[in-house]
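Notes follow once the structure below has been shown.
Here's what the structure looks like:
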């Protein structure tokens, strides 16, 4: 596991603010500062999220989640359009037979 000092160095090299990291790992910038300065201990979950935030894995997952959401919405739209198309076809047949 990287030291708090090393994590801070990497954050600064990546030009991420305390707020950026806090937003990505789900805590306040003050808490991030306390973690970096050794005032609060890291647990395994925070460490994993921190590494994800520093190395961009967070962004990849966020993008994948967004793409999956778009795919789900597109599938729902296709099903809705098929359903509406069947209703229109049924109405047209009824109109022609009258």
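Numbering (full-length UniProt numbering), first residue to last: 1 to 98.
Positions of the beta carbon are idealized from the N, C-alpha and C atoms, including for glycine.
These numbers come from a predicted model, not from an experiment.
Per-residue DSSP class, three states only, for residue i
| i | result |
| --- | --- |
| residue 70 | helix |
| residue 46 | helix |
| residue 16 | coil |
| residue 26 | coil |
| residue 40 | coil |
Environment of residue i [buried if 16+ CB atoms lie within 10 Å]
| i | result |
| --- | --- |
| residue 36 | buried |
| residue 38 | exposed |
| residue 12 | exposed |
| residue 70 | exposed |
| residue 21 | buried |
| residue 78 | exposed |
For residue i, the first and last residue of its enclosing alpha helix (DSSP H)
| i | result |
| --- | --- |
| residue 2 | Looking at the DSSP string, residue 2 is not in any alpha helix (DSSP H), and its letter there is neither H nor E. |
| residue 29 | 29 to 36 |
Residue nearest to residue i in terms of C-alpha spacing, selected from the options
| i | options | result |
| --- | --- | --- |
| residue 9 | 45, 55 and 43 | 55 |
| residue 5 | 83, 20, 42 and 70 | 42 |
| residue 53 | 16, 83 and 33 | 16 |
| residue 1 | 33, 44 and 34 | 44 |
- Query: Would you call the stretch 40 to 49 and the stretch 18 to 29 touching, i.e. three or more CB-CB distances under 8 Å?
  - Reply: As far as the Cβ criterion goes, the stretch 40 to 49 touches the stretch 18 to 29, which means the pair count is three or higher.
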